[in-house]
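For reference, the structure discussed in these notes is given below.
2 protein chains.
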Amino acid sequence: MSKLTIKLLAKELGLAVSTVSKALRDSHEISAETKAKVLEYARAHNYVPNPYASSLRKQKSKTIAVVLPEVADSFFSLAINGIESIAREKGYHVLIYLTHESREREEEILGEFNSGRVDGILISVSQETKDSSHIKKVIASGLPVVFFDRVCDDVNTAKVITDDLESCYMATKHLIHKGCKRIGYLSISKSLSINKKREEGYTRALQDGGIPVKDDAILECGTNDKDNLSAILHFLKGRNRPDAIIASVEKLVPPVYIACNKLKLSIPGDIKVVSFTNLGTSPILNPPLTTITQPAFEMGSKAASLLFKGIEKPNFKLTDETIVIPAALQKRESSNF
Amino acid sequence: MSKLTIKLLAKELGLAVSTVSKALRDSHEISAETKAKVLEYARAHNYVPNPYASSLRKQKSKTIAVVLPEVADSFFSLAINGIESIAREKGYHVLIYLTHESREREEEILGEFNSGRVDGILISVSQETKDSSHIKKVIASGLPVVFFDRVCDDVNTAKVITDDLESCYMATKHLIHKGCKRIGYLSISKSLSINKKREEGYTRALQDGGIPVKDDAILECGTNDKDNLSAILHFLKGRNRPDAIIASVEKLVPPVYIACNKLKLSIPGDIKVVSFTNLGTSPILNPPLTTITQPAFEMGSKAASLLFKGIEKPNFKLTDETIVIPAALQKRESSNF
DNA sequence: TTGAAAGCGCTAACAC
DNA sequence: GTGTTAGCGCTTTCAA
Numbered sequence: 001m002s003k004l005t006i007k008l009l010a011k012e013l014g015l016a017v018s019t020v021s022k023a024l025r026d027s028h029e030i031s032a033e034t035k036a037k038v039l040e041y042a043r044a045h046n047y048v049p050n051p052y053a054s055s056l057r058k059q060k061s062k063t064i065a066v067v068l069p070e071v072a073d074s075f076f077s078l079a080i081n082g083i084e085s086i087a088r089e090k091g092y093h094v095l096i097y098l099t100h101e102s103r104e105r106e107e108e109i110l111g112e113f114n115s116g117r118v119d120g121i122l123i124s125v126s127q128e129t130k131d132s133s134h135i136k137k138v139i140a141s142g143l144p145v146v147f148f149d150r151v152c153d154d155v156n157t158a159k160v161i162t163d164d165l166e167s168c169y170m171a172t173k174h175l176i177h178k179g180c181k182r183i184g185y186l187s188i189s190k191s192l193s194i195n196k197k198r199e200e201g202y203t204r205a206l207q208d209g210g211i212p213v214k215d216d217a218i219l220e221c222g223t224n225d226k227d228n229l230s231a232i233l234h235f236l237k238g239r240n241r242p243d244a245i246i247a248s249v250e251k252l253v254p255p256v257y258i259a260c261n262k263l264k265l266s267i268p269g270d271i272k273v274v275s276f277t278n279l280g281t282s283p284i285l286n287p288p289l290t291t292i293t294q295p296a297f298e299m300g301s302k303a304a305s306l307l308f309k310g311i312e313k314p315n316f317k318l319t320d321e322t323i324v325i326p327a328a329l330q331k332r333e334s335s336n337f
Numbered sequence: 338m339s340k341l342t343i344k345l346l347a348k349e350l351g352l353a354v355s356t357v358s359k360a361l362r363d364s365h366e367i368s369a370e371t372k373a374k375v376l377e378y379a380r381a382h383n384y385v386p387n388p389y390a391s392s393l394r395k396q397k398s399k400t401i402a403v404v405l406p407e408v409a410d411s412f413f414s415l416a417i418n419g420i421e422s423i424a425r426e427k428g429y430h431v432l433i434y435l436t437h438e439s440r441e442r443e444e445e446i447l448g449e450f451n452s453g454r455v456d457g458i459l460i461s462v463s464q465e466t467k468d469s470s471h472i473k474k475v476i477a478s479g480l481p482v483v484f485f486d487r488v489c490d491d492v493n494t495a496k497v498i499t500d501d502l503e504s505c506y507m508a509t510k511h512l513i514h515k516g517c518k519r520i521g522y523l524s525i526s527k528s529l530s531i532n533k534k535r536e537e538g539y540t541r542a543l544q545d546g547g548i549p550v551k552d553d554a555i556l557e558c559g560t561n562d563k564d565n566l567s568a569i570l571h572f573l574k575g576r577n578r579p580d581a582i583i584a585s586v587e588k589l590v591p592p593v594y595i596a597c598n599k600l601k602l603s604i605p606g607d608i609k610v611v612s613f614t615n616l617g618t619s620p621i622l623n624p625p626l627t628t629i630t631q632p633a634f635e636m637g638s639k640a641a642s643l644l645f646k647g648i649e650k651p652n653f654k655l656t657d658e659t660i661v662i663p664a665a666l667q668k669r670e671s672s673n674f
């Protein structure tokens, strides 16, 4: 069962290895006849060149890494789809790595790439990632990096994001328009780019709407689901409880609904809810959820396209340019339309 | 910015390449002193061995492939998590490939593995995969393969699945117990292992419950979301419309809820609903959904563990043994508890 | 148009 | 305990 190699192939055909190699890659120096013979034999015997030998020789791997906080989130699932489709199209392979929101793990993972394993990196950083030196280091080593969604502002490379500030501004405006006076905001890690922008959209909308911005209207949630639920329960119990909530990430949707349910707070009667999310079940929640939906698939494919350009075009530099793709505010019953 | 190689490293340290190589791998033949020196220099200069050179030499890649129908499904998302965590633990890298439910693509992808790119394969087959010759071929070539969830019964290798028949039997029983007389079943591709088992659980429960099994109580759904919605709408319109529905896969949940909504059928009043799904939003749907939940993470990690055993233990054969992990019936309002 | 040979970076015999 | 060397499978000069 020893694998067929180019050497064996050459021997069988009575040709030199180099001739076979060239024939396989359809080189113009090889006669049509020889090419046909080689190709036929190769496909008949299911020959697939060893990619690692080729990587070693050519010093490129035709492989990219996708580094994600997690995959159990519909945004990332859809983004992977987008990435994979472009990668396949371009003949690249996709290695997937999960940081589980740990900056330490993220650094560990990136550190491994200083080895020729991948030709480029797509990354959405972890919640813990404040210091971006590990990313700068990998870029300095010559590897193209493209951020998507969760970026590091201080790293000079291409980024694909949504209009977080504007879309959250719009969502907040919408709630104000519906008569909400005490709008709560559920944040995640303060250091996260998306959170900063979304929160700023929120506060600006409040200011523009003449509503005082209060610190205790913002609840910072974390990684642990149980803790988040109890924090939200507590948040909704105060005598100054909010009459609306904006959840900055998808994972906060279930705890918000569950908390309201427990506290017998009716959505949208007592409290209106809006969330950033790509959940396919938003329209069938109880009640249907008003969402800010990111174009996840498109973001993934755009980011991948950019990365491949950065890899393949010698004079295309992945500078600090940022591609912003608008998110959509989808109004539903949870905010009273 | 040329990458640091073992050769350079050796030169800098005034040592032979082989000495450095052994030192890096903590060989007993190397003095503690030399080891320390090498290790220190290596880490100070961020040396990471080129994995492809090593793969080439050792004839193994420390990489596995995960071949999935899609990733926008909470089962697969969770399974990837399970796979990744074990892979990381074992020092393996994970290549991800999506078939998008196409058997052709699946074959294409598997074909590429006849090259040393991966040491093993985890696969959940596409809806279109009836003929499994492409999988048999890759196994015959010597690559370990472990199926998870969607398996091919006629392929002799390890499989990690849930008790599809039994759990669907239980779910159907539950509906019968609730007084349902015309229970509809939404299938997907007839050829899919999970569907066959689930459907059989359904029919057996009907038989055991003394309810006639009718062909027109089974609706075969497909890949296209819109088509599924209209098919379900039609299905629920007949004068002999079902008083309960079992959805065999997660993606059918939104269309079922939407269809009922459109037709003003109340769940669970007019029609009870149960679905196979790992959706985190099941408890907050309108109404909360009764689910058959698979231990997705565990299935992924089990499958990965098995695969690594098959890769690393020379006399551990991945025979036809099947690991069955039970799914859980989580009763909620959609089936009236 | 074809072939010989060097070498990508690493590991593993084997020699010293 | 350390060094020399061959070779994994491929691509790419360069020579014939």
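Heads up: the protein sequence lines correspond to chains A and B, in order. Just so we're aligned: 151 in our numbering is position 151 of the first sequence, and the numbers increase by one with no gaps anywhere. Just so we're aligned: 638 in our numbering is position 301 of the second sequence, and the numbers increase by one with no gaps anywhere. The beta carbon of each residue, even a glycine, is placed where N, CA and C say it ideally should be.
Who does residue i pair with in a DSSP beta bridge?
i: Tyr185/A; result: Ile218/A, Ile246/A
i: Gly617/B; result: Paired residues: none, contrary to the question.
i: Tyr97/A; result: Val67/A
i: Ser422/B; result: Ser422/B is not bridged to any residue.
i: Ser612/B; result: Ala584/B, Thr628/B
i: Lys159/A; result: Phe147/A, Thr322/A
i: Ala16/A; result: According to DSSP, Ala16/A bridges with nothing at all.
i: Leu122/A; result: Val66/A, Val146/A
i: Gln330/A; result: Thr291/A
i: Leu265/A; result: Answer is none; Leu265/A lacks a bridge partner.
i: Leu285/A; result: Leu622/B
Tell me whether residue i counts as near the ligand NAP, meaning its Cβ is closer than 7 Å to at least one heavy atom of that ligand.
i: Arg25/A; result: With respect to small molecules bound, the structure shown includes none, and the ligand NAP cannot be examined in it.
With residue i as the anchor, note down where its alpha helix (DSSP H) starts and where it stops.
i: Ala259/A; result: 253 to 262
i: Phe235/A; result: 225 to 237
i: Val475/B; result: 470 to 477
i: Tyr378/B; result: 369 to 381
i: Asn195/A; result: 193 to 208
i: Lys510/B; result: 501 to 514
i: Pro388/B; result: 388 to 395
i: Phe308/A; result: 296 to 312
i: Glu449/B; result: Careful: Glu449/B lies outside any alpha helix (DSSP H) and carries neither H nor E.
With distance defined between alpha-carbon atoms, name the residue in the options nearest to residue i.
i: Asn472/B; options: Ser411/B, Ala369/B, Gln396/B, Ile446/B; result: Looking at the sequence itself, residue 472/B is Ile, so the reference to Asn does not match. For Ile472/B, the nearest C-alpha among the options comes from Ile446/B.
i: Cys683/B; options: Val497/B, Asp456/B, Gly521/B, Ser530/B; result: Given a span of 338 to 674 for chain B in the structure shown, any question on residue 683/B remains unanswerable.
i: Gly91/A; options: Leu573/B, Val431/B, Glu449/B; result: Glu449/B
i: Asp119/A; options: Leu265/A, Val48/A, Phe316/A, Leu143/A; result: Leu143/A
i: Met636/B; options: Leu350/B, Glu370/B, Ala416/B, Val357/B; result: Ala416/B
i: Gly275/A; options: Arg332/A, Asn228/A, Gly310/A; result: In the sequence as displayed, the identity of residue 275/A is Ser instead of Gly. Selected option, being the one with the closest Cα: Arg332/A.
i: Asn418/B; options: Asn261/A, Ile83/A, Ser77/A; result: Ser77/A
i: Ile460/B; options: Leu435/B, Glu441/B, Ser470/B, Lys467/B; result: Leu435/B
i: Ser619/B; options: Leu589/B, Ala581/B, Ser642/B; result: Leu589/B
i: Lys374/B; options: Ala360/B, Tyr384/B, Ser672/B, Pro386/B; result: Ala360/B
i: Asp501/B; options: Val385/B, Lys534/B, Arg440/B; result: Lys534/B
i: Phe645/B; options: Pro388/B, Asn615/B, His430/B; result: His430/B
i: Glu12/A; options: Leu233/A, Lys190/A, Tyr47/A; result: Tyr47/A
i: Glu107/A; options: Ser85/A, Lys130/A, Glu89/A, Arg88/A; result: Lys130/A
i: Arg425/B; options: Ser642/B, Pro651/B, Phe653/B; result: Ser642/B
i: Asp486/B; options: Phe674/B, Asp607/B, Leu405/B, Ala381/B; result: Leu405/B
i: Pro386/B; options: Ile420/B, Gly351/B, Ile343/B; result: Ile343/B
i: Gln396/B; options: His100/A, Ala10/A, Ala44/A, Ser2/A; result: Ser2/A
Identify, in the order they occur along the chain, each residue of the same chain with its Cβ nearer than 6 Å to the Cβ of residue i, setting aside the five sequence neighbours on each side.
i: Asn451/B; result: Ser478
i: Gly209/A; result: Ile176
Excluding sequence positions up to five away, which residues of its chain have a Cβ less than 8 Å from the Cβ of residue i?
i: Arg117/A; result: Ser61, Thr63, Ala65, Leu95
i: Ser335/A; result: His174, Leu175, Lys178, Ala244, Pro268, Lys272, Val273, Val274, Thr290
i: Phe316/A; result: Lys309, Gly310
i: Ile587/B; result: Reading the sequence as shown, one finds Glu at residue 587/B and not Ile. Cβ within range, chain order: Asp410, Ser411, Phe412, Ser612, Phe613, Thr614, Asn615, Leu616.
i: Thr656/B; result: Asn493, Thr494, Ala495
To which residues of the same chain is residue i closer than 7 Å at the C-beta, ignoring the five residues directly before and after it?
i: Thr322/A; result: Lys159, Ile161
i: Phe235/A; result: Gly184, Leu219
Practice task
Assess, as a yes-or-no matter, whether the segment 145 to 161 of chain A is touched by the segment 228 to 242 of chain A under the definition of 3 or more beta carbon pairs within less than 8 Å.
Solution key: The segment 228 to 242 of chain A and the segment 145 to 161 of chain A do not touch, with fewer than 3 CB-CB distances between them shorter than 8 Å.
Handout entry: Touch test, the segment 534 to 551 of chain B against the segment 502 to 509 of chain B, Cβ-Cβ under 8 Å, three pairs minimum
Key = In this structure the segment 534 to 551 of chain B touches the segment 502 to 509 of chain B; the number of beta carbon pairs closer than 8 Å is three or more.
Exercise for the section: State whether the segment 283 to 300 of chain A contacts the segment 319 to 327 of chain A, with contact taken as three or more CB pairs (one from each stretch) at a distance under 8 Å. Expected result: These segments touch.
Exercise for the section: Decide if the segment 358 to 370 of chain B is in contact with the segment 396 to 410 of chain B; the criterion is three or more beta carbon pairs, one per stretch, under 8 Å apart. Expected result: Flag = no, the segment 358 to 370 of chain B and the segment 396 to 410 of chain B do not touch.
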